[in-house]
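Peer 1: My questions will all concern the structure given below.
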Amino acid sequence: MNAIVGRTQQQFLARIGAIELEDEKNQSEVTTGKQLTLLPWMDGVARLVLILGLEDDTRALEKLSVSNGVCQIIEAEGVIDPLINVLKQPKIPEILMEKTLDILARILDPSKEMKSKFYDGPVNGSKEGSAAAITADAAHNVYQKQIPGKVCSLWGDCSPGWILKTPTPRLQRKAASILEFCTVIDPRMETIISVDVESGLDVVFQQKILEDMESEVVNQQPEKYALEVEEAGLAISAASRLFTKLLDSENFCQKIDSAHFTKLLCDILESNIPLNNKDWVAACLVKLGSLSGPRLGFEDPINMEVTLYETIPRLMEQIKTSFSPEAKEAAVVELNRIISEGVVDSTRAIASEGGIFPLVKLIEEGSERAIDACLAILYNLSMDSENHSAIVAAGAVPVLRRIVLSQRPQWTRALRLLRTLPT
Numbered sequence: 036m037n038a039i040v041g042r043t044q045q046q047f048l049a050r051i052g053a054i055e056l057e058d059e060k061n062q063s064e065v066t067t068g069k070q071l072t073l074l075p076w077m078d079g080v081a082r083l084v085l086i087l088g089l090e091d092d093t094r095a096l097e098k099l100s101v102s103n104g105v106c107q108i109i110e111a112e113g114v115i116d117p118l119i120n121v122l123k124q125p126k127i128p129e130i131l132m133e134k135t136l137d138i139l140a141r142i143l144d145p146s147k148e149m150k151s152k153f154y155d156g157p158v159n160g161s162k163e164g165s166a167a168a169i170t171a172d173a174a175h176n177v178y179q180k181q182i183p184g185k186v187c188s189l190w191g192d193c194s195p196g197w198i199l200k201t202p203t204p205r206l207q208r209k210a211a212s213i214l215e216f217c218t219v220i221d222p223r224m225e226t227i228i229s230v231d232v233e234s235g236l237d238v239v240f241q242q243k244i245l246e247d248m249e250s251e252v253v254n255q256q257p258e259k260y261a262l263e264v265e266e267a268g269l270a271i272s273a274a275s276r277l278f279t280k281l282l283d284s285e286n287f288c289q290k291i292d293s294a295h296f297t298k299l300l301c302d303i304l305e306s307n308i309p310l311n312n313k314d315w316v317a318a319c320l321v322k323l324g325s326l327s328g329p330r331l332g333f334e335d336p337i338n339m340e341v342t343l344y345e346t347i348p349r350l351m352e353q354i355k356t357s358f359s360p361e362a363k364e365a366a367v368v369e370l371n372r373i374i375s376e377g378v379v380d381s382t383r384a385i386a387s388e389g390g391i392f393p394l395v396k397l398i399e400e401g402s403e404r405a406i407d408a409c410l411a412i413l414y415n416l417s418m419d420s421e422n423h424s425a426i427v428a429a430g431a432v433p434v435l436r437r438i439v440l441s442q443r444p445q446w447t448r449a450l451r452l453l454r455t456l457p458t
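Whatever position you read off the sequence shown (first residue = 1), add 35 for the numbering used here.
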């Protein structure tokens, strides 16, 4: 059955000129059942573009585009327009949209040119590799000038930012990455700013999974919930990278509601998306806040939000997971500096991150500088009686007593901390 279907598809493609059969002379010498299909590799990529309307062929093209060399050939064949036409279809299947976005992302990836210099260059002095690289670069330079306008026409001709507005975080992430690549290709960003991309960003920053904390998925399917939160975090991170680059444009800054986006980003920092996805959110928030004037250190509300919900959790993660004593020391010293500068709720943020146990452990195995910082932090934490039980449970009392009895350089700090604890 598969053979019959395959033969039928071959005959159809031959009729529309997508593939070539042997010439008429050779065909007369063989039976119909022995006809051979001729589809040269280089020409096959170009012809595959012609039949892009079929989902299976889009999947094949997506797999081919993983190769940097094939990706450059696909780009040179003018695939951008067919891809955009696919995305403009009113009822496009989600899987087809995802594959199409994957191809676009690989074509637009700014690192593609650098990869070609490493992987497609001459080998052992071969001139052929050099010539091929020059040809590919020439094609790339020609088409990259046309790409931003073509891709952004997707948002202009259709409802503005409609892919960013889809409820699927995976598609939102890929669409945001494509637009980010366009900002690299076209630093002026005029084509992107001319469309309503900010409304799409607004949707991405308001992920439903982060707001619906009372849903059954949270309690009954924790694994599924964790995966959905991770996908939402990746989409938010990609949108934050795009937003950060768009803020370089004065025209874009004048179009957006800074206060609204500031609130959205602050809410995201307080959410439970993975910590590594908050890096760009924090950077975007700081850059957005700087538009209204110079910041006032930790007293500034935005800087305070970033410190409490991104910096402190990141430093605590470094103390907990790093295998480098130097990295742990640097993290705890920075943590102590934040507390000593009087950041409101900083000690509460450390306690909520489960920081007491790793701090006590670091006193036992850290450097002298790290021990000093840990003792100072724990003393500040001990000012809140709610932390006493956790400090004692972490085994701080015997550790502090050993420091005092051995008359180590930090014995006075250790004694002061001991006096605040119930022993």
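Idealized CB from N, CA, C, for every residue including glycine. Since we're looking at a predicted model, the values are computed, not measured.
Would the beta-carbon of V395 fall within 8 angstroms of that of V434?
Peer 2: In the sequence shown, the residue the question calls residue 395 occupies position 360. In the sequence shown, the residue the question calls residue 434 occupies position 399. Cβ distance < 8 angstroms, so V395 and V434 count as in contact.
Peer 1: Once you ignore the five residues that flank A174 on each side, which residues in its own chain have a CB closer than 6 angstroms to its CB?
Peer 2: Residue 174 sits at position 139 when you count from the first residue of the sequence shown. Note that A174 scores 46 on pLDDT, short of 50, meaning its location in the model is unreliable; the coordinates nonetheless yield the value given after this. A111.
Peer 1: Below 8 angstroms, can you find three or more Cβ-Cβ pairs linking the region 196 to 214 to the region 120 to 136?
Peer 2: yes
Peer 1: Out of L262, E421 and M351, state which residue places its alpha-carbon closest to the alpha-carbon of R205.
Peer 2: In the sequence shown, residue 205 corresponds to position 170, counting from 1. Closest by alpha carbon: L262.
Peer 1: Cα separation between R208 and I244?
Peer 2: The residue you call residue 208 lines up with position 173 of the sequence shown. The residue you call residue 244 lines up with position 209 of the sequence shown. About 15 angstroms.
Peer 1: Are the CB atoms of V341 and L304 within a distance shorter than 8 angstroms?
Peer 2: Looking up residue 304 in the sequence shown gives position 269. Looking up residue 341 in the sequence shown gives position 306. Result yes, Cβ atoms of L304 and V341 sit closer than 8 angstroms.
Peer 1: What is the DSSP secondary structure of E376, counted as helix, strand or coil?
Peer 2: For this step, residue 376 is matched to residue 341 along the sequence shown. It is coil, neither helix nor strand.
Peer 1: Leaving aside the five residues before and after A267 along the sequence, list all residues of the same chain whose C-beta is less than 7 angstroms from its C-beta, in chain order.
Peer 2: As a working note, residue 267 is residue 232 in the sequence shown. For A267, where only same-chain residues beyond five positions count, the Cβ hits under 7 angstroms are P204, Q242, I244, L245 and I308.
Peer 1: Is DSSP giving I227 helix, strand or coil here?
Peer 2: Sequence index remark: in the sequence shown, residue 227 carries index 192 (1-based). When secondary structure is reduced to three states using DSSP, I227 falls in the helix class.
Peer 1: Note down, in chain order, each residue of its chain lying with its Cβ closer than 7 angstroms to the Cβ of R276, except the 5 sequence neighbours on either side.
Peer 2: The count along the sequence shown starts at 1 and reaches residue 276 at position 241. Correct list, in chain order: E215 and W315.
Peer 1: Whose CA, out of L326, S420, D116 and K355, lies closest to the CA of T279?
Peer 2: Taking the first residue of the sequence shown as 1, we reach residue 279 at position 244. It is L326 whose Cα lies nearest to the Cα of T279.
Peer 1: Can you tell me which of the three DSSP states P202 falls into?
Peer 2: For the purposes of this step, residue 202 is taken as the residue at position 167 of the sequence shown. It is coil, neither helix nor strand.
Peer 1: From this set, S284, I337 and D144, which residue's C-alpha is nearest I213's C-alpha?
Peer 2: As a first step, residue 213 must be located in the sequence shown, where it is residue number 178. Checked all of S284, I337 and D144; the closest Cα to I213 is D144.
Peer 1: Within the continuous alpha helix (DSSP H) that includes F392, where are the two ends?
Peer 2: Here residue 392 refers to the residue found at position 357 when the sequence shown is read from its first residue. I391 to E400 is the extent of the alpha helix (DSSP H) around F392.
Peer 1: Restricting to runs no shorter than 4 residues, where is the alpha helix (DSSP H) found entirely within the region 398 to 446?
Peer 2: 403 to 417, 423 to 428 and 431 to 440
Peer 1: Does DSSP classify Q241 as helix, strand or coil?
Peer 2: By 1-based counting over the sequence shown, the position of residue 241 is 206. Q241 falls in the coil class under three-state DSSP.
Peer 1: Between L452 and the rest of its own chain, which residues show a CB-CB distance below 8 angstroms, the 5 nearest in sequence each way excluded?
Peer 2: Mapped onto the sequence shown, residue 452 falls at position 417. For L452, where only same-chain residues beyond five positions count, the Cβ hits under 8 angstroms are L410, L413, Y414, S417, A431 and L435.
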